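Numbering (my numbering), first residue to last: 5 to 304. All C-beta atoms, glycine included, are put in the ideal place defined by N, C-alpha and C. It should be emphasised that the depicted structure is a prediction, and the values quoted were computed from it without experimental measurement.
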């Protein structure tokens with residue numbers, strides 16, 4: 005889509021919200037020039053390289069001053085000939101939630117109010133995958149518990165994502181490497197995407213996100229784990245700041261039993277492609293035709 009189309013789409017949407025526009029004008033009256041520019045800047049996809057460079061530089065300076073440590077905000081684009089895919093071995097996952105905590109730490113998720121991009125669901129083996137009777141709040145002394153198995157759920161990075169279709173400002177889209185991202189500066193907090201996601205994978209900041217300065221991860225990506233603000237939606241991005249640098253997502257690295265696999269679906273020799281070819285693979289809620297790139301399998 006061309007830049008004019010983005011401008012028109014956002015302008016047409018805002019015209020339908022006179023109350024919101026008035027409120028925004030009042031709020032902006034007390035903002036600095038830089039804050040106003042950030043609020044009114046164009047969709048990230050439409051910006052020139054020079055514009056992106058200036059925005060990134062300003063953000064690095066702002067975050068460094070706020071958190072007292074040197075920040076890196078990457079805008080690295082998708083890698084050529086790459087389509088990221090994820091596989092999770094349900095026969096190995098022990099429900100320890102180490103993936104949850106590693107994700108929170110890596111991706112600067114709010115500690116108060118608490119936001120977690122990964123939800124680990126405990127399910128009864130006799131019932132199979134049963135979302136209605138799953139338990140996200142299980143708390144035994146030891147895991148895994150006899151008679152149960154565990155299904156971690158985060159953004160499924162759908163190839164046919166319903167969240168994108170409903171966004172009125174086009175603040176969310178799918179990158180060429182398959183990662184579904186959010187431009188926080190264009191998100192208006194309507195939560196249409198959150199309602200459309202059948203996996204409960206999008207999370208809204210009802211309060212001002214809080215991450216202690218000593219715990220903040222300063223290695224960030226503009227479309228990923230950079231600090232967020234109140235009133236925007238966020239989600240898993242496969243650790244975009246890591247995978248576009250040739251690293252694994254943090255949840256893959258931390259898993260103590262090797263249940264999580266990650267790689268390039270376009271590479272016939274990748275581990276993910278081997279799993280798809282040789283294991284019993286399923287996707288969640290396949291009947292919805294969202295076409296996830298997050299695959300579950302039984303390795304043993």
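Item                                                                                                                             : Value
Exposure of residue 22, with buried meaning 16 or more beta-carbon neighbours within 10 Å                                        : At residue 22 the pLDDT is 49, less than 50, meaning the model places this residue with poor confidence; the figure from the coordinates comes in the next sentence. With fewer than 16 Cβ atoms within 10 Å of its Cβ, residue 22 is classed as exposed.
Assigned exposure category for residue 302 - 16 Cβ within 10 Å defines buried                                                    : exposed
Residue 126 versus residue 284 - alpha carbon distance                                                                           : 20 Å
Cβ neighbour criterion (16 or more within 10 Å) applied to residue 110                                                           : buried
3-residue-minimum beta strand (DSSP E) runs that sit fully inside the stretch 173-215, ordered along the chain                   : 176-178 and 184-186
Residue 347 to residue 69 span [Cα, whole Å]                                                                                     : What the structure shows of the chain is the stretch from 5 to 304, and residue 347 is not part of that stretch, so it cannot be assessed.
Three-state secondary structure (DSSP) of residue 269                                                                            : coil
Check whether residue 273 and residue 236 have beta carbons under 7 Å apart                                                      : no
Beta-carbon gap between residue 166 and residue 199 smaller than 7 Å                                                             : no
Test item: CB-CB of residue 154 and residue 204 under 7 Å                                                                        : no
Buried/exposed call for residue 238, threshold 16 Cβ in 10 Å                                                                     : buried
Option nearest residue 191 by Cα separation, candidates 170, 179 and 202                                                         : 170
Member of 89, 96 and 148 whose CA lies at the smallest distance from the CA of residue 280                                       : 89
Alpha-carbon spacing of residue 187 relative to residue 73, whole angstroms                                                      : 24 Å
Inter-residue CB distance, residue 225 and residue 78 (contact presumed, cutoff 8 Å)                                             : 5 Å
Between the CA atoms of residue 181 and residue 84 - distance to the nearest angstrom                                            : 8 Å
Beta-carbon contacts of residue 71 that lie in its chain and below 6 Å, excluding the five residues immediately before and after : 217 and 220
Those residues which DSSP pairs with residue 153 across a bridge                                                                 : 127
Which residues DSSP lists as bridging residue 92, in chain order                                                                 : 264 and 300
Exposure of residue 228, with buried meaning 16 or more beta-carbon neighbours within 10 Å                                       : buried
Proximity below 7 Å, CB of residue 2 to CB of residue 115                                                                        : Outside the shown range of the chain, which is 5 to 304, sits residue 2, and nothing can be said about it.
Distance between residue 298 and residue 178 (C-alpha atoms, nearest Å)                                                          : 15 Å
Beta-carbon gap between residue 107 and residue 122 smaller than 7 Å                                                             : yes
Heavy atom of the ligand GDP within 6 Å of residue 135 beta-carbon                                                               : Absence of the ligand GDP from the depicted structure is noted, as is the absence of any ligand whatsoever, leaving it without description.
Status (buried if at least 16 other CB within 10 Å, exposed otherwise) for residue 185                                           : buried
7 Å Cβ cutoff met for residue 80 and residue 248                                                                                 : yes
Three-state secondary structure (DSSP) of residue 238                                                                            : strand
Cβ neighbours of residue 60 in the same chain (closer than 6 Å, five flanking residues each side left out)                       : 77 and 79
Neighbourhood of residue 142 by C-beta distance below 6 Å, restricted to the same chain and skipping five residues each side     : 126
Segment limits, alpha helix (DSSP H) that includes residue 277                                                                   : 275-282
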